[in-house]
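Enquirer: Chains as they are written, first to last, in the working numbering: chain U, 60 to 288; chain S, 2 to 248. Glycine is no exception: its CB is placed at the ideal position from the N, C-alpha and C atoms. The structure presented is a predicted model; accordingly, all values stated were derived computationally and were not measured.
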Ligand code: HEM
Ligand code: SF4
Ligand code: FES
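(1) If I measure Cβ to Cβ from residue 205 of chain S and keep anything under 6 Å in the same chain, skipping five residues before and after, which residues do I get?
(2) Residue 60 of chain S: beta carbon under 8 Å from a heavy atom of the ligand FES?
(3) Quick one: is residue 78 of chain S near chain U, going by C-beta distance under 9 Å?
(4) Establish whether the CB of residue 156 of chain S and some CB of chain U are separated by less than 9 Å.
(5) Short check: CB of residue 277 of chain U to CB of residue 212 of chain U, under 9 Å?
(6) Could you check if residue 51 of chain S is buried or exposed, using at least 16 other CB atoms within 10 Å of its CB as the buried criterion?
(7) Taking C-beta to C-beta, are residue 18 of chain S and residue 110 of chain S nearer than 9 Å?
(8) Contact criterion: CB-CB distance below 9 Å. Does residue 106 of chain S meet it with respect to chain U?
(9) Is it buried or exposed, residue 148 of chain S, if we count other Cβ atoms within 10 angstroms and call 16 or more buried?
(10) Please look up how many angstroms separate the CB atoms of residue 219 of chain U and residue 285 of chain U, rounded, as I've assumed it's under 8 Å.
(11) Please find out if some non-hydrogen atom of the ligand FES comes closer than 8 Å to the beta-carbon of residue 251 of chain S.
(12) Roughly how far, in whole angstroms, is the beta-carbon of residue 1 of chain S from the beta-carbon of residue 168 of chain S, given that I think they are within contact range, below 8 Å?
(13) Can you tell me whether residue 250 of chain U sits near the ligand HEM, meaning its C-beta is under 8 Å from at least one heavy atom of the ligand?
(14) Between the beta-carbon of residue 200 of chain S and the beta-carbon of residue 184 of chain S, is there less than 9 Å?
(15) Mark residue 59 of chain S as exposed unless 16 or more other C-beta atoms lie within 10 angstroms of its C-beta, in which case mark it buried.
(16) For residue 204 of chain U, which residues in the same chain have their Cβ closer than 7 Å to its Cβ, ignoring the five residues on either side in sequence?
(17) Does any residue of chain S bring its CB to less than 9 Å from the CB of residue 79 of chain U?
(18) Hey, quick one: how far does the beta strand (DSSP E) through residue 112 of chain S stretch, first residue to last?
(19) Report yes or no: is there a C-beta of chain U within less than 9 Å of the C-beta of residue 238 of chain S?
(20) Look at the alpha carbon of residue 26 of chain S and the alpha carbon of residue 113 of chain S, and state the distance between them as a whole number of angstroms.
(21) Does the distance between the C-beta of residue 189 of chain S and the nearest non-hydrogen atom of the ligand SF4 fall short of 8 Å?
(22) Buried or exposed: residue 159 of chain U, going by 16 or more other Cβ atoms within 10 Å of its Cβ?
(23) Under 9 Å between C-beta atoms, does residue 99 of chain S make it to chain U?
(24) Would residue 157 of chain S be called buried (16 or more neighbouring beta carbons within 10 Å of its own) or exposed?
(25) Compile a chain-ordered list of the residues in the region 22-46 of chain S whose CB is closer than 9 Å to at least one CB of chain U.
(26) Going by beta carbon distance, what residues of the same chain come within less than 6 Å of residue 257 of chain S, once the five residues before and after it are set aside?
(27) Which residue's Cα is closest to the Cα of residue 192 of chain S: S/64, S/142 and S/124?
(28) Is residue 69 of chain S closer than 9 Å to residue 46 of chain S when the C-beta atoms are compared?
(29) Could you check where the alpha helix (DSSP H) with residue 63 of chain S kicks off and where it finishes?
(30) State the Cα-Cα distance for the pair residue 31 of chain S and residue 89 of chain S, rounded to the nearest angstrom.
(31) Can you pull out the residues from the region 114-144 of chain U whose beta carbon lies closer than 7 Å to at least one beta carbon of chain S?
(32) Please confirm whether residue 270 of chain U and residue 244 of chain U have their CB atoms less than 9 Å apart.
(33) Do you know how far the Cα of residue 148 of chain U is from the Cα of residue 74 of chain S?
(34) Within 9 Å (strictly less), CB to CB, does residue 70 of chain U reach chain C?
(35) Of all the CB atoms in chain S, is at least one closer than 9 Å to the CB of residue 106 of chain U?
(36) Which residues in the same chain as residue 174 of chain U place their Cβ atom closer than 7 Å to its Cβ, once the five residues preceding and following it in sequence are excluded?
The following block contains the structure:
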């Protein structure tokens, strides 16, 4: 039968939001594990960071997927928001959104944009210096003789120690991420078509745990370095 | 009770429309919301004004025509009811009540509170038919065994009355709950399998073409649906659609 489809369908678009969301959540978990090491052992943190910064699999497979996911996720998130806004031209004089849906679910664009603003700061803090070392100074290994072997750990500590404003921004951003995931985690399962009377309640519980524990972990790392140095 | 009503008045599809204030007095708490509207309209007719147009038919919660967005919620504050099943005891003397049409680009206003929901009909038409033998020697219905569980789920999905409350209430004006129910009622039954793939593809394509928004799984539709249609129907449609798209 001839299809009337033009471009990607609404469900296809949603599935991409969910798949990129899944990948970003996986990335968060991996990122957090490494950050946690920095509390326990500075040397080990340097080694692991160095591995992540130079391993070809990470650099040329995971990193491009990550960049694609981030860009796609927020660009489509904004586009979907625009389309959804267009789907109701005349707005209600009285609309009780809170009567039937959570704040988190209604404000994914707000929490998402806050996380995006944080990403900009994060790039400025860590990614641009890293690119500088690798591509401007030409130190692809990230560890030429004479380069500071402890730079990852020092960079990290330097960003938080004695920097209350940055730490505060960091905390606010992770609260926003938490709000994003409180809806997003379980929503992504529904988007790809998974809803079961048996496991969906469990997914919702796991989602709440993930959405609180993971951002709390990042905040913990920042606070430890803030107060310890 | 005495009430202040803020009602959307729009002469025709092309008119700009605006909210207009009305006062009604002596409303009994036993009246249904539509009976209260009848009182207002009698008052308007007696004073030579144009009565407020609104859709209604069965007045017993089965036809789905009584679309009204009352105080910020589809069909008003009571869950699991249509406007005709809403009673004035849910309001208090002296209340101000906002009454607006169901709003979505795909539900254009015809007049006052009456909207055109034929986009729903076009979605259903695009779903097409199911293959059953109707040549005269029709099979006994019980000859095709259907698990009770599936039959119940299909029946639950088929309970959708096409009222459009899901669209009206959704912050994205998404029609996913309605279309999810219509896809599910066939997807769950053996009779619906032959055209299952095309059905999901075509209904979703038509839904998109009508200009409904994208679902963000807020779940507002499920809460406001007078027939308690479950979000699991949307997940089933997503499954049907996505697995069909890669087949
Ligand atoms: C680490 C960062 C992020 C993670 C882990 C994440 C995760 C998620 C997840 C799991 C969903 C649910 C997907 C679904 O319902 O199918 C989602 C939805 C959404 N995200 Fe993000 N996200 C992140 C960053 C962002 C950013 C930077 C934006 C920028 C605007 C954004 C905007 C949105 C929007 C608007 C939605 C709702 C869209 C929809 O449900 O269709 N997100 N996100
Ligand atoms: S799913 Fe519920 S709210 Fe939507 S049209 Fe059907 S009965 Fe009405
Ligand atoms: S008038 Fe038929 S459902 Fe309300």
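Expert: Walking through what the data contain:
(1) Result list for residue 205 of chain S: 242, in chain order.
(2) yes
(3) yes
(4) no
(5) no
(6) exposed
(7) yes
(8) yes
(9) exposed
(10) 5 Å between Cβ atoms; contact.
(11) Residue 251 of chain S falls outside the range modelled here, since chain S spans only 2 to 248, and no answer is possible.
(12) Nothing can be reported for residue 1 of chain S: it is not among the residues displayed for chain S, which extend from 2 to 248.
(13) Yes, the Cβ of residue 250 of chain U comes within 8 Å of a heavy atom of the ligand HEM.
(14) yes
(15) exposed
(16) Below a pLDDT of 50, predicted positions are generally treated as unreliable, and residue 204 of chain U, at 49, falls in that range; the measurement from the model is reported next regardless. Within the same chain, residue 204 of chain U has no close Cβ partners at all.
(17) Using a Cβ-Cβ cut-off of 9 Å, residue 79 of chain U does not count as an interface residue toward chain S, since no Cβ of chain S sits closer than that to its own.
(18) 110-112
(19) yes
(20) 22 Å
(21) no
(22) Buried: at least 16 other Cβ atoms inside 10 Å.
(23) yes
(24) Buried is the call here.
(25) none
(26) Beyond the ends of chain S as shown, which are 2 and 248, falls residue 257 of chain S; an answer cannot be given.
(27) For the residues S/64, S/142 and S/124, the minimum Cα distance to residue 192 of chain S belongs to S/142.
(28) When the beta-carbon positions are compared, residue 46 of chain S and residue 69 of chain S stay at least 9 Å from each other.
(29) Residue 63 of chain S -> no alpha helix (DSSP H), and no H or E assigned at all.
(30) 6 Å
(31) Listed in sequence order: 139, 142 and 143.
(32) yes
(33) 18 Å
(34) Protein chains in the displayed structure are U and S, and chain C is not among them.
(35) no
(36) 232, 235, 236 and 239
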